[in-house]
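Residues are numbered in my numbering as their position in the sequence shown, beginning at 1, plus a constant of 13.
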Amino acid sequence: MASGNHTTESGFILLGFSNLTNLQVLLFMVFLIIYVVILLGNGVIVFVTVLDSALQTSMYFFLRNLSFVEICYASVTLPKMLTPGLSLNNRSSEKGVSKPPQPLVTIPFSQLYLLLILGLSMRWPGPNRLL
């Protein structure tokens, strides 16, 4: 008789704070409030810099783009943190754990490039300065 484990499990079980249901609700509410504040704060920055004609300079253009990128980044990461608080099943697929989503990798690089361009434009000599 062959001995060994013959079970077939195709995912991971995330334990975290599964025994403390009150803490799950509290963490869910904290992350939800953080998400809403990020969306509202950066949304106001985008909205104001688009509507106000005095804020149509390149510095506010970069600020608007950074706010939009921050909205995208928060929309990728924070809903992933909110889903275990909503579901009773703490299972996650192997693909979901082993491979990060593509926006999670590319959005920080777009922020880096925007900040790099903004920093270089501040040092631009002469009257053709970007800002």
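Glycine included, C-beta positions come from ideal geometry on N, C-alpha and C.
Use the C-beta contact count for residue i: other C-beta atoms within 10 angstroms, 16 or more gives buried, fewer gives exposed.
i          : result
residue 35 : exposed
Taking the CB atoms as reference points, tell me whether residue i and residue j lie closer together than 8 Å.
i          : j           : result
residue 78 : residue 127 : yes
residue 58 : residue 39  : no
residue 71 : residue 134 : yes
residue 85 : residue 116 : yes
Relative to the C-alpha of residue i, which candidate in the options has its C-alpha closest?
i           : options        : result
residue 56  : 83, 89, 71     : 83
residue 119 : 17, 89, 76     : 89
residue 52  : 91, 131, 41    : 91
residue 60  : 81, 41, 19, 86 : 81
residue 41  : 18, 93, 54     : 93
residue 96  : 37, 54, 132    : 37
residue 87  : 54, 73, 69     : 54
Would residue i count as contacting chain E if we go by Cβ distances under 8 Å?
i          : result
residue 86 : Absent from the structure is chain E; it holds one protein chain and no more.
Practice item. May I ask you to verify whether the region 59 to 74 touches the region 41 to 49, counting CB pairs closer than 8 Å and requiring at least 3? Key: no
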